[in-house]
Each structure stands twice: as structure tokens, then as C-alpha cells.
Amino acid sequence: MAQLIRRATNPRVFIDASTVDLVDEDLVAEFEPEWTGNGLVEAAPTDGSGIKILCGQEIGTVSVTAELWDAAPPMDLDTWQDAAEIHVVWPSATMDFGTTGADGEDVLPLPGSGDYRVRVYGRNRDDGDPRDDTAPVEEYVIQVWPVSGSAASHEPVNGSVTYKQTSSLGARYRLGPARGLEL
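Residue 581 is where the sequence shown starts when you use the working numbering, and the numbers rise one by one after that.
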């Protein structure tokens, strides 16, 4: 059974340009995600050194919890609108999800560089931009675990698996302009 190793939580991660950016120690996540794969999470296509999570707000704050597990954690689909998982080859032992937090509160230490699965859950993504003060907080949980050897070589073709897609925001991006939807 999978064991939780670490958890880092920040209930007020500032977002700009509609994304939570997960970055390594170089603090760079410069790429344009397509979002058509799962409408929730994308990794940098060339080196995996950055991950972006699509938010319902353009500018604002969201709640983010990041967890390091020793193996794939149990699924929790009942309380989340969207859930997707990707494969990354992470270049460092640091995964920063806020880049503005004090004292490392927005950093999830990893065992080192290498192959990881990253599962993201999101909810309250459809509650408007800008947010009304009475709207529920937009929330994300990021679960990370190492994969090695034969597990890494058996990843899906694009490294992405979608488990649940119920938000309108995610649907707009998954279906996108090819289906005549306005983004």
C-alpha cells in the first residue's frame, strides 16, 4: 500500500495567466500548454522541467496541496470535478508550486531528479473570473510519486491519463477550437 511521505499546503497560492506553475529549482516554466489532452495539467513538451495546471481564474488565489508518495496513491474521484495524471522526467529534487511563498511553504522536496507521475485533482474551477467573495475557493491537490525501471517504460504514449472530466472549464479546453468552442 502506498505511503504518504510529505505534504505541503498553501491555501493562498497567487496565480497569474490562469495557471499554477510547478517549477524546479531554476523557477522556470516557460511553455505554452495545449490543454486539449485533459484540460487540467500539462508538462513542458521538451524536457519536463515545468508543469502547468489550468485554473478557472486569470489572476487570483487558489488553494494548493502537494503530496509526495512512495507509490501510486489511492484514487479520490468522489470529491473532485477533474482528475488527470501525467508522466514527467523532473530535473531536480525540488518541486515549487508557488514561487512566492516564504520559508519553503510552497516547495515539495523530492528524492532527486528522475521519472515521476503527477496526478492533479481540481474543483471549483467554474465559479467565475473575477471571483465573488462568496464563491467557493478553487482547489487543487497534486500527488507525485517516483517511477523507475519497467514502470517508467510502460507509461502511456503521451504520459497522460484522464480519470475524471466534469468541469465546464476543462471541457472547453479539451474540446477547444477544433469543435467550434470559444476559449
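The C-beta atom is built at its ideal place from N, Cα and C for all residues, glycine as well.
Assumed close pair residue i, residue j - CB separation to whole angstroms, cut-off 8 angstroms
| i | j | result |
| --- | --- | --- |
| G636 | E718 | 6 angstroms |
| G739 | D662 | Actually they do not touch by this definition, with Cβ atoms about 17 angstroms apart. |
| A673 | L690 | 5 angstroms |
Local conformation of residue i per DSSP, three classes
| i | result |
| --- | --- |
| L749 | helix |
| R592 | strand |
| V705 | A small correction: the amino acid at residue 705 is Arg; Val does not occupy that position in the sequence shown. Residue state, collapsed to three classes: coil. |
| S643 | strand |
| L688 | strand |
| D656 | coil |
| A673 | coil |
| A664 | strand |
Strand pairing of residue i, partner residues [DSSP]
| i | result |
| --- | --- |
| Y743 | Bridge partners of Y743: none, in fact. |
| V724 | L648 and V698 |
| R754 | Paired residue(s): none; R754 is not in a bridge. |
| L602 | I631 |
| L620 | BP columns for L620 are empty, so no partner. |
| E719 | S643 and R703 |
| R711 | The partner list for R711 (beta bridge, DSSP) is empty, contrary to what the question assumes. |
Residue i, buried or exposed, once every other Cβ within 10 Å from all chains shown has been counted against 16
| i | result |
| --- | --- |
| S733 | In this prediction, S733 scores a pLDDT of 48, lower than 50, which makes its location untrustworthy; the coordinate-derived value is nonetheless stated afterwards. Looking at its Cβ environment, which holds fewer than 16 other Cβ atoms inside 10 Å, S733 is exposed. |
| G702 | buried |
| Y753 | buried |
| D604 | buried |
| D676 | buried |
| Q583 | exposed |
| G692 | exposed |
| R592 | exposed |
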